[in-house]
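Right, one structure below, let's go through it.
In this note's numbering, the protein residues as written are 8 to 309.
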């Protein structure tokens, strides 16, 4: 029997640009919380006065809704060359200040492109005397793993990595100042690149925003992703897709794509995750219907 230990929310943009309408719709659809864009055509969180921020919270509480946090997309350039990193960090400073003052210490950040990680060593199998048959061969102690050395970085790659790492370090300082958890994801990079970024930043406030569609596209399988990043999960994005050739994906409602949700939920439990799972049906035609069917599906499979 489900214990409903997981918390289900929905992306407010999928319902309405008006926070009041989004809160009413979310409650009627059966969700407990809302994740808002920090910057949208209808609302800029950083422009709200102290009174406006209190009113925003009141709008949600009146509908028995929790504020999960805010989303920020840094753009197609990310933190790399060509991006105005100082401007981005200034915006993050304002957003984190607003998030902290509104008791919503979670920021879901689409980082844009990230430097890829070097290939991990591949274990080299040992050949025993039995496997070699009766042929007498000398036995040497071989290293446990062996991999071809990674090719040296080009000047452009080195500059890209240096700038991204420096920006992430500064972002970590802001997260520590405001005590805001930052859940990172990238539609343009692999989970290995996310893992490298987290390792380089060494910020306890950083983690990942787990996206099942990104799992479908990645070269690593689900179990390997959880083995390497399970403890770093800070938020889960509920969406699904059908996978085609070359791992291209077509959006689908949760439970109607190729994501193995039983396996994913089991892995989340094994990782000790009991936080928010936020539905994001913005790519689907009938967003409300997709959200409702997906919510029913996950509750049946908890």
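Heads up, the beta-carbon is just placed ideally off N, CA and C, and yes, glycines get one too.
Just to confirm the assignment, what range does the alpha helix (DSSP H) spanning residue 268 have? 268-277
If contact is defined by three or more beta carbon pairs under 8 angstroms, each pair taking one atom from either stretch, is the stretch 174-194 in contact with the stretch 97-106? yes
Check whether the Cβ atoms of residue 79 and residue 45 lie closer than 7 angstroms to each other. yes
What are the residues that DSSP puts in a beta bridge with residue 16? 40 and 285
Output needed for residue 23: all residues of its chain with C-beta closer than 7 angstroms, excluding positions within five of it in sequence on either side, in chain order. 29 and 32
Looking at the structure shown, is residue 90 part of a helix, part of a strand, or coil, going by DSSP? coil
Can you check whether the CB of residue 243 is closer than 7 angstroms to the CB of residue 284? yes
For the candidate residues 98, 279, 124 and 216, whose alpha-carbon lies nearest to that of residue 165? 124
CB residue 50 to CB residue 100, shorter than 7 angstroms? no
Can you name the start and end residues of the alpha helix (DSSP H) that residue 264 belongs to? First-last for residue 264: undefined, no H or E at that position.
Same chain only: Cβ atoms within 6 angstroms of residue 261, ignoring 5 sequence neighbours per side: 245, 247, 301 and 304
What three-state label does DSSP hand residue 76 in the structure shown? strand
Hey, how far is the Cα of residue 68 from the Cα of residue 56? 18 angstroms
As a quick exercise: from 299, 66 and 162, pick the residue whose alpha carbon is nearest that of residue 263. 299
If you check the beta carbons only, do residue 174 and residue 92 fall under 7 angstroms apart? yes
Element boundaries [beta strand (DSSP E), containing residue 116]: 113-117
Suppose you measure from the CA of residue 122 to the CA of residue 256; what does that come to, to the nearest Å? 23 angstroms
DSSP state of residue 46 mapped onto helix, strand, coil: strand
Tell me which same chain residues have a C-beta within less than 8 angstroms of the C-beta of residue 8, skipping the five on either side of it? Because the pLDDT at residue 8 is just 34, under 50, the model does not fix this residue reliably, and the point stays unresolved.
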